[in-house]
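Worksheet: one structure, shown below.
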Amino acid sequence: MALPRPVVICGPSGSGKSTLYNKLLKEFPGVFQLSVSHTTRQPRPGELNGREYHFINRDQFQENIKQGDFLEWAEFSGNIYGTSKKALEEVQSNNMIPILDIDTQGVRNVKKASLEAVYIFIKPPNIDVLEKRLRSRKTETEEALQKRLSAAMSELEYGLKPGNFQHIITNDDLDVAYEKLKGILIKSQMPMATGSSPSVVNSFLDKPVATKVNTNSQD
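Numbering (full-length UniProt numbering), first residue to last: 1 to 219.
Structure follows, in structure tokens:
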């Protein structure tokens with residue numbers, strides 16, 4: 001049986017990527033599932049092990065890396081984050097479409113692993129809008145904010161380089177960006193809609209998109 005293609009969604013902090021894929025998860029329960037990443041950072045208030053992240057210590061993470069357990073991994077602000085092969089396989093074994101929320105370093109590693117996925121980059125209209133969004137959160141110090149902005153510039157440079165992503169969506173208007181995302185995913189999953197494909201893919205394809213979108217353009 002053919003498996004649904006994983007969806008890799010990447011974008012700088014503040015681009016709105018998590019808002020977009022959470023809308024997918026809400027609209028299509030039982031179709032999409034977020035692949036839960038591993039991290040060495042401490043849980044934040046309200047976070048549960050296995051829901052937001054799989055929380056493990058650095059020694060265990062590094063041992064798992066040596067054993068080849070991770071599809072991708074990257075270090076940010078002193079903490080390691082990664083997607084295990086097992087986490088991805090668990091989603092696919094449930095005949096659901098995996099969503100991977102990873103940074104550009106993770107994307108590089110996933111591509112080295114030759115994962116056949118749909119690669120989507122979410123970008124803000126401009127860096128000023130991105131900074132405004134990050135400041136509105138009021139969750140970080142000025143130093144931490146500047147680090148995120150610096151990281152965002154690097155991610156934008158990689159994300160906008162031709163050939164690195166199959167699709168680029170500018171998240172200026174959330175509703176418009178979401179319809180573009182759905183249009184891209186419908187087109188990317190259509191080859192799976194055969195007699196041997198998981199019924200979950202067909203159930204997604206049967207869902208009408210609210211507005212007609214051009215899924216060939218990178219805007």
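For glycine and all other residues, C-beta sits at the position ideal for the given N, C-alpha and C.
Keep in mind it's a predicted model, so treat the numbers as computed, not measured.
Following the DSSP letters along the chain, one finds valine 91 inside the alpha helix (DSSP H) bounded by residues 85–93. Under the rule that a run must span 4 or more residues, the alpha helix (DSSP H) segments found entirely inside the region 67–138 read 85–93, 104–112 and 127–137. With a cut-off of 8 Å on Cβ pairs, the region 109–126 is not in contact with the region 50–64, counting fewer than three such pairs. For valine 8, the enclosing beta strand (DSSP E) starts and ends at 7–10. In the DSSP assignment, isoleucine 184 falls within the alpha helix (DSSP H) that extends over 174–189. CA-CA distance, valine 110 to cysteine 10, rounds to 12 Å. Restricting attention to Ser136, Leu156 and Asp101, the CA atom closest to the CA of lysine 123 is found in Leu156. DSSP, read as helix, strand or coil, puts threonine 40 in coil.
For leucine 145, the uninterrupted alpha helix (DSSP H) segment begins and ends at 142–159.
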